[in-house]
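> Quick note on the numbering used here: the sequence shown kicks off at 7 and runs consecutively.
One structure, as structure tokens, below. Some questions next.
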Amino acid sequence: MKVAVIGTGYVGLVTGTCLAEMGNKVICIDNNQEKIKMLNNSEMPIFEYGLKEMVERNVDGARISFTTDIQKAVEESLVIFIAVGTPPDEDGSADLQYVLAVAKDIGKYINDYKVIVDKSTVPIGTADLVRKTIQDELSKRKIHYDFDVVSNPEFLKEGMAIEDFMKPDRVVIGTDSEKAKSVMNDLYSSFTFQSNRIIFMSIRSAEMTKYAANAILATKISFMNEIANLCEKVGANVEDVRIGIGSDTRIGYKFLYSGVGYGGSCFPKDVKALIKISKKNNSSSSVLEAVEEVNERQKFVLVDKICSHFGDDLKGKIFAIWGLSFKPMTDDIREAPSLIIINELINRGANIQAFDPQAMNEAKRIFDDNPSISYSEDQYKALENADALVLITEWHQFRHPDFGKIKDALKQKVIFDGRNQYDPDKTRANGFTYFCIGKP
Numbered sequence: 007m008k009v010a011v012i013g014t015g016y017v018g019l020v021t022g023t024c025l026a027e028m029g030n031k032v033i034c035i036d037n038n039q040e041k042i043k044m045l046n047n048s049e050m051p052i053f054e055y056g057l058k059e060m061v062e063r064n065v066d067g068a069r070i071s072f073t074t075d076i077q078k079a080v081e082e083s084l085v086i087f088i089a090v091g092t093p094p095d096e097d098g099s100a101d102l103q104y105v106l107a108v109a110k111d112i113g114k115y116i117n118d119y120k121v122i123v124d125k126s127t128v129p130i131g132t133a134d135l136v137r138k139t140i141q142d143e144l145s146k147r148k149i150h151y152d153f154d155v156v157s158n159p160e161f162l163k164e165g166m167a168i169e170d171f172m173k174p175d176r177v178v179i180g181t182d183s184e185k186a187k188s189v190m191n192d193l194y195s196s197f198t199f200q201s202n203r204i205i206f207m208s209i210r211s212a213e214m215t216k217y218a219a220n221a222i223l224a225t226k227i228s229f230m231n232e233i234a235n236l237c238e239k240v241g242a243n244v245e246d247v248r249i250g251i252g253s254d255t256r257i258g259y260k261f262l263y264s265g266v267g268y269g270g271s272c273f274p275k276d277v278k279a280l281i282k283i284s285k286k287n288n289s290s291s292s293v294l295e296a297v298e299e300v301n302e303r304q305k306f307v308l309v310d311k312i313c314s315h316f317g318d319d320l321k322g323k324i325f326a327i328w329g330l331s332f333k334p335m336t337d338d339i340r341e342a343p344s345l346i347i348i349n350e351l352i353n354r355g356a357n358i359q360a361f362d363p364q365a366m367n368e369a370k371r372i373f374d375d376n377p378s379i380s381y382s383e384d385q386y387k388a389l390e391n392a393d394a395l396v397l398i399t400e401w402h403q404f405r406h407p408d409f410g411k412i413k414d415a416l417k418q419k420v421i422f423d424g425r426n427q428y429d430p431d432k433t434r435a436n437g438f439t440y441f442c443i444g445k446p
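If you want it as structure tokens, here you go:
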């Protein structure tokens, strides 16, 4: 099948590459010439495990190509994915200007029946706007072509996106067209070969499903963080509580880990957007507002612990930061708790020695040339002469470190563990002053 994917960000690049891996002929389009140049030189604009190798394999097999020529891509493709960004507007709603700009271009160049797929996370009703925008362009051209607009939200976890796409839990497709349903079923059937996990529904239900899925996962995180904070007050252990409630099959263990809050490009943006959608439709959003409030407050919990130990004035103090990305196995630091924590420490006079396996280049871009932060070539270098280790992101290599090296490198044997990676009793018995989340 001939497929166009417009937008070569995280979602678009993974989508296009995985579709090509199954033998489809894919054209990826972006208006960023530098990004297209990078991709044509086998350089990845994002970090995702296994992506570079898969892109190179499909380029060599002539199944995927990268271009800025949207006209060629639209004219040659049957299925056209819209995978451009929908950043939050000033009021928290999703900004659709890029989605609708693409729809306008599709309307300019459409030359036969096409299935246009909203892959970007968009508010309920966006498919109607895309359809109208395309139809308006066709009316200007005084020409008629049949086309269908489909909602096909993505459910990719950063760091596991390739596996998620190739072996999906479910493929949600919103359409009111039997013809589009047949095309989409053919496109995705190779990904659900062993068992059919394609779920067809109405377009608006599919648009809502994406928001609802992210919102309920964010809710579980904020709920457990609030329980963790209460555990500290009453002398309970949040890890024991997690196991106790997670063993209930109605609840499950996933997304019940307490820490310093969620971040990334999805949960914060989608919770805000769903709150905005609720208010626009005069519907209550009390739970979602509480989820957002708890998460924002949770990002300061580790700072509060640091200030309780060292005092509010942190001048002359050096903190080693392990982990900058919002989660492991990605270089994404959008809305990452590390940004809040580092800025709060610097504002109190501290200096930062940071290490992350993948996200340091992104951090350098964000913090620019801030003299209060430096970046270390490995995790133990970051510890040298520091007053404390602050663990923010639970990368695998941080889970079983050499505590002897940590003890030798730190000026003061203090660890602030924002992800509950270490056993409190063993760590304290090893000579450290140890702080974590939700434990007595």
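We treat Cβ as the ideally placed atom computed from N, Cα and C, and that holds for glycine.
1. In or out: D111 buried (at least 16 other Cβ within 10 Å) or exposed?
2. With C-beta atoms as the reference, is A356 less than 8 Å away from F325?
3. Let me know if R248 comes out buried or exposed under the rule of 16 or more other beta-carbons within 10 Å of its beta-carbon.
4. Could you tell me the alpha carbon to alpha carbon distance between K138 and G98, rounded to whole angstroms?
5. Among K333, Q103, N426 and P274, which has the Cα closest to the Cα of V136?
6. Leaving out five residues before and five after E232 in sequence, what residues of the same chain have Cβ atoms less than 7 Å from its Cβ?
7. So what does W328 bridge to, in DSSP terms?
8. Going by the CB atoms, is the gap between V9 and L25 shorter than 8 Å?
9. On the three-pair Cβ rule with 8 Å, is the region 322 to 339 touching the region 248 to 261?
10. Could you work out which residue in I140, M60 and K114 is closest to V123 when comparing CA atoms only?
11. According to DSSP, which residues form a beta bridge with K120?
12. Are F273 and N220 close, meaning C-beta to C-beta below 8 Å?
13. Could you tell me whether the Cβ atoms of S211 and G252 are closer together than 8 Å?
14. For A392, name the three-state secondary structure that DSSP assigns.
15. How would you call R425, buried or exposed, if buried means at least 16 neighbouring beta carbons within 10 angstroms?
16. So, for V32: in the same chain, excluding its five sequence neighbours on each side, which residues have a beta-carbon less than 6 Å away from its beta-carbon?
17. Would you please state the rounded distance, in angstroms, between the beta carbons of F404 and Q427? I believe it to be under 8 Å.
18. Kindly provide the ranges of any alpha helix (DSSP H) runs that are 4 or more residues long and lie completely inside the region 406 to 442, ordered along the chain.
19. Are the CB atoms of I339 and A360 nearer to each other than 8 Å?
20. Could you tell me which residues DSSP puts in a beta bridge with C237?
21. Measure the alpha-carbon distance for I130 versus V240 and round it to whole angstroms.
22. Beta carbon of G269, beta carbon of P343: below 8 Å?
23. If you draw a straight line from the C-alpha of P174 to the C-alpha of S378, how long is it?
24. How would you write the range of the beta strand (DSSP E) that M44 sits in, first residue to last?
The structure says:
1. The sequence position of residue 111 within the sequence shown is 105, counting from 1. D111 is buried by the Cβ-count criterion.
2. The residue you call residue 356 lines up with position 350 of the sequence shown. The residue you call residue 325 lines up with position 319 of the sequence shown. Closer than 8 Å, so yes.
3. Numbered from 1 along the sequence shown, position 242 holds the residue referred to as residue 248. With 16 or more other Cβ atoms within 10 Å, it is buried.
4. Here residue 138 corresponds to residue number 132 of the sequence shown, with the count starting at 1. Here residue 98 corresponds to residue number 92 of the sequence shown, with the count starting at 1. If I take the Cα positions, the gap works out to 24 Å.
5. Taking the first residue of the sequence shown as position 1, residue 136 is located at position 130. If we check each option's Cα against that of V136, Q103 comes out closest.
6. The sequence position of residue 232 within the sequence shown is 226, counting from 1. Result list for E232: V300, in chain order.
7. For the purposes of this step, residue 328 is taken as residue 322 along the sequence shown, with counting starting at 1. BP columns for W328 point to F361 and L397.
8. Taking the first residue of the sequence shown as position 1, residue 25 is located at position 19. Taking the first residue of the sequence shown as position 1, residue 9 is located at position 3. Yes, these two residues count as a Cβ contact at 8 Å.
9. Cβ pair count under 8 Å is below three, so no.
10. Position 117 of the sequence shown, counted from the start, is the residue given in the question as residue 123. Minimum Cα distance to V123 is reached at I140.
11. For this step, residue 120 is matched to residue 114 along the sequence shown. Under DSSP, K120 shares a beta bridge with F153.
12. Here residue 273 refers to the residue found at position 267 when the sequence shown is read from its first residue. Here residue 220 refers to the residue found at position 214 when the sequence shown is read from its first residue. Taking 8 Å as the Cβ cut-off, F273 and N220 qualify as a contacting pair.
13. Translated into positions along the sequence shown, residue 211 becomes position 205. Translated into positions along the sequence shown, residue 252 becomes position 246. Not closer than 8 Å, so no.
14. Within the sequence shown, the letter at position 386 stands for residue 392. Three-state result, A392: coil.
15. Indexing the sequence shown from 1 puts residue 425 at position 419. Classification of R425: buried, given that the 10 Å Cβ count is 16 or more.
16. Here residue 32 refers to the residue found at position 26 when the sequence shown is read from its first residue. Excluding sequence neighbours, V32 sits near V9, G22, L25, A26 and I70.
17. Along the sequence shown, read from residue 1 onward, the residue named residue 404 stands at position 398. Along the sequence shown, read from residue 1 onward, the residue named residue 427 stands at position 421. Contact between F404 and Q427 holds, with the beta-carbon distance rounding to 6 Å and staying under 8 Å.
18. Along the length of the region 406 to 442, whole alpha helix (DSSP H) runs at least 4 residues long occupy 409 to 415 and 430 to 435, reported in chain order.
19. Working through the sequence shown from its first residue, we reach residue 339 at position 333. Working through the sequence shown from its first residue, we reach residue 360 at position 354. Not closer than 8 Å, so no.
20. Looking up residue 237 in the sequence shown gives position 231. DSSP lists no partner for C237.
21. By 1-based counting over the sequence shown, the position of residue 130 is 124. By 1-based counting over the sequence shown, the position of residue 240 is 234. Whole-angstrom Cα-Cα distance: 42 Å.
22. For the purposes of this step, residue 269 is taken as residue 263 along the sequence shown, with counting starting at 1. For the purposes of this step, residue 343 is taken as residue 337 along the sequence shown, with counting starting at 1. A contact, by the Cβ cut-off of 8 Å.
23. By one-based count along the sequence shown, residue 174 stands at place 168. By one-based count along the sequence shown, residue 378 stands at place 372. C-alpha separation (whole angstroms): 43 Å.
24. As a working note, residue 44 is residue 38 in the sequence shown. Premise fails: M44 lies in the alpha helix (DSSP H), Q39 to N46, not in any beta strand (DSSP E).
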